[in-house]
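These notes concern the structure reproduced below.
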Amino acid sequence: MIYTIFENKPENLFPLTINHAAFEVRWGAFSMLDRICNSINKNDSIILVVRDELKEIISERYSDFSVNPDNIPPSILLPAHFSTIKNGLNNGKHLSNDMSLKDFNLFKDKLHFEDLYLWDFIFDIKDILLRNDTKFFDMKIGGDFHESCIFLNQKNIHISDSAKISAGVILDASEGPIIIDENAFIDIGVMIKGNTYIGKNSKINPGAKLNGEISIGPYCKIGGEVEATIFHGYSNKQHDGYIGHSYIGEWVNLGANTNNSDLKNNYGKIKFDLGFKKIDTNEMFIGSMIGDFSKIAISTMLNTGTYIGMGANVFGSGFQNKLIQSFSWGKKEVTDFKKFLSTLEVVKSRRDENISEKEKNLLRTLYNNSQTKKF
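Every letter in the sequence shown is one number past the one before it in numbering that gives the first Met the number 0, and letter 362, counting from 1, is 361.
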């Protein structure tokens, strides 16, 4: 069987999808592409169809898959959308004949799906952990844990054999599952409520309060208070401060005492500005959507429903603007690209990662585009 996975209105998932494909969005324990791969047979094939500017980087990230081939063969069509996971893969549309990539892109753009935004994934964490993710984990307590730890509703907790749990940690899975993945480290006095996933090699700092509905990807360092938030991976919020109802991209750093509002003083519904359009979200709780590589200075105050693009440096007194464009430097200036790239190389090297030439080319293209477009 061949599955063709394609993007649908990826701009609605900005800022994450500025440099990620829509099927890379993470919520619960997996990305959307992970979930599809977990559900198909080993002999099945996957074709990925993405925007032209992402072809090279997606080919590099997923070298086992065909990306934007000249022709799309007969296959099951899977949009990067909730409906793919919720309705089942076999309910996807069938492409019965070969179609050129150009014609396929015209064809898929005519398909209708309900609009989807990053905050929709935040509100779905509880459902996806319960309905989908726990079946991929042996829900039992393993690892190295201190005798003073308290585990509530143990049948709803997975701790990997390679994870470490320090003294005084409380895991309360009364309201939903808690999954602590391989090589994660939960330091002294941490409180975690379900529904929560802690990713591989991530660290939760002493005394942190994770209030549930949380998905933390790999290699993150998290402290302070967090609620209803997704950290895509490789990002840091090491110190005190509150982050809630937010989506944090990769390689983001939130400085000490960074706080975001996720509820208006009048309890009203939140309007969100994506730069190219404004959305009436009909939601009461939305915090910040932050793109990859952005840095938030110490004691920064982020307003309800804040958009921060990729590669932004956010600093200054008072509440920040609710729309902060990619590669911004403070409130008025633009980041110097050479300095941005130099800093990124240092940041990645600290995690034994590097920037490939393809990623540099993509970042350079996006930087140049940001001078004329709002994203």
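Every residue gets a Cβ at the ideal spot worked out from N, C-alpha and C, and that includes glycine.
For residue 123, which three-state DSSP category applies?
-> Walking along the sequence shown from the start, residue 123 turns up at place 124. It is coil, neither helix nor strand.
Straight-line CA distance for residue 10 to residue 17?
-> For the purposes of this step, residue 10 is taken as residue 11 along the sequence shown, with counting starting at 1. For the purposes of this step, residue 17 is taken as residue 18 along the sequence shown, with counting starting at 1. Their backbone Cα atoms lie some 7 Å apart in a straight line.
Look up residue 270 in the DSSP assignment and give the residues it is bridged to.
-> Counting from one through the sequence shown, the residue named residue 270 turns up at place 271. Residue 270 pairs with 279.
Distance, residue 12 Cα to residue 21 Cα | Taking the sequence shown and counting its residues from 1, the one referred to as residue 21 is at position 22. Taking the sequence shown and counting its residues from 1, the one referred to as residue 12 is at position 13. Using only the alpha carbons, I get a separation of about 7 Å.
Are residue 186 and residue 205 closer than 8 Å when you measure CB to CB?
-> On the sequence shown, residue 186 is found 187 positions in, with the first residue counted as 1. On the sequence shown, residue 205 is found 206 positions in, with the first residue counted as 1. Against a cut-off of 8 Å, the Cβ pair of residue 205 and residue 186 comes out as a contact.
To the nearest angstrom, report how far apart residue 328 and residue 235 are at their CA atoms.
-> Here residue 328 is taken as the residue at index 329 of the sequence shown, counted from 1. Here residue 235 is taken as the residue at index 236 of the sequence shown, counted from 1. Residue 328 and residue 235: Cα-Cα distance of roughly 20 Å.
With 16 other Cβ atoms within 10 Å as the buried cut-off, status of residue 315 = One-based indexing of the sequence shown puts residue 315 at position 316. Result: exposed.
Taking the alpha helix (DSSP H) that residue 366 falls in, what are its first and last residues?
-> For the purposes of this step, residue 366 is taken as the residue at position 367 of the sequence shown. It spans 356 to 369 - the alpha helix (DSSP H) in which residue 366 sits, taken as one unbroken run.
Leaving out the 5 sequence neighbours to the left and right, which residues in its chain are closer than 7 Å to residue 112 when beta-carbon positions are compared?
-> In the sequence shown, the residue the question calls residue 112 occupies position 113. So the qualifying residues of the chain are 7, 78, 80, 82.
Chain-order list of residues whose beta-carbon lies under 6 Å from that of residue 246 (same chain, five-residue window excluded) = Reading the sequence shown from its first residue, position 247 is the one you call residue 246. If we look at residue 246 and ignore the five residues flanking it on each side, its Cβ neighbours are 117, 229, 288.
Tell me residue 0's beta-bridge partners as DSSP assigns them.
-> Position 1 of the sequence shown, counted from the start, is the residue given in the question as residue 0. DSSP, once it has assigned bridges, lists no residue as partnering residue 0.
Do residue 200 and residue 135 have their C-beta atoms within less than 8 Å of each other?
-> Position 201 of the sequence shown holds residue 200. Position 136 of the sequence shown holds residue 135. Not closer than 8 Å, so no.
Identify whether residue 115 lies in helix, strand or coil by the three-state DSSP scheme.
-> Locating residue 115 in the sequence shown gives position 116, counting from the first residue. Residue state, collapsed to three classes: coil.
Pick from 98, 23, 171, 222 that is closest to residue 184, judged by C-alpha positions = Counting from one through the sequence shown, the residue named residue 184 turns up at place 185. Ranking the options by Cα distance to residue 184, first place goes to 222.
Excluding the five sequence neighbours on either side, which residues of its own chain have a C-beta within less than 6 Å of the C-beta of residue 189, listed in chain order?
-> Position 190 of the sequence shown, counted from the start, is the residue given in the question as residue 189. Counting only Cβ-Cβ distances below 6 Å, and skipping sequence neighbours, we find 168, 203, 207.
Kindly indicate the opening and closing residues of the alpha helix (DSSP H) around residue 82.
-> Translated into positions along the sequence shown, residue 82 becomes position 83. Its alpha helix (DSSP H) spans residues 81 to 86.
With which residues is residue 13 paired in a DSSP beta bridge?
-> Taking the sequence shown and counting its residues from 1, the one referred to as residue 13 is at position 14. DSSP, once it has assigned bridges, lists no residue as partnering residue 13.
Quick one: what's got a C-beta closer than 6 Å to residue 210's C-beta in the same chain, skipping five residues either side?
-> The count along the sequence shown starts at 1 and reaches residue 210 at position 211. Cβ neighbours of residue 210 beyond the five flanking positions: 192, 226.
Can you check the stretch 23 to 68 for any alpha helix (DSSP H) of at least 4 residues that lies completely inside it and give the ranges in chain order?
-> 31 to 38, 54 to 60
So residue 344 is in the beta strand (DSSP E); what residue range does that whole segment cover?
-> As a working note, residue 344 is residue 345 in the sequence shown. It is not in any beta strand (DSSP E) - residue 344 instead sits in the alpha helix (DSSP H) that spans 336 to 348.
Would you mind reading off the limits of the beta strand (DSSP E) that contains residue 102?
-> The count along the sequence shown starts at 1 and reaches residue 102 at position 103. First-last for residue 102: 100 to 107, but that is the alpha helix (DSSP H), not the beta strand (DSSP E).
Residue 166 burial status per 10 Å Cβ neighbour count (16 or more: buried) = Taking the sequence shown and counting its residues from 1, one reaches residue 166 at position 167. Residue 166 should be labelled exposed.
If you draw a straight line from the C-alpha of residue 24 to the C-alpha of residue 90, how long is it?
-> Along the sequence shown, read from residue 1 onward, the residue named residue 24 stands at position 25. Along the sequence shown, read from residue 1 onward, the residue named residue 90 stands at position 91. Distance between the alpha carbons of residue 24 and residue 90: 21 Å.
Roughly how many angstroms lie between the CA atoms of residue 132 and residue 28, to the nearest whole one?
-> Position 133 of the sequence shown holds residue 132. Position 29 of the sequence shown holds residue 28. When rounded, the distance between both Cα atoms is 6 Å.
Simplified DSSP state of residue 92, which is helix, strand or coil = Looking up residue 92 in the sequence shown gives position 93. In this structure, residue 92 counts as strand in the three-state DSSP scheme.
Cα-Cα, which of 370, 371, 147, 363 is closest to residue 52?
-> As a first step, residue 52 must be located in the sequence shown, where it is residue number 53. The shortest Cα separation from residue 52 among 370, 371, 147, 363 belongs to 363.
Which ranges would you report for the beta strand (DSSP E) in the stretch 133 to 159 if only whole runs of at least 3 residues count?
-> 149 to 151, 156 to 158
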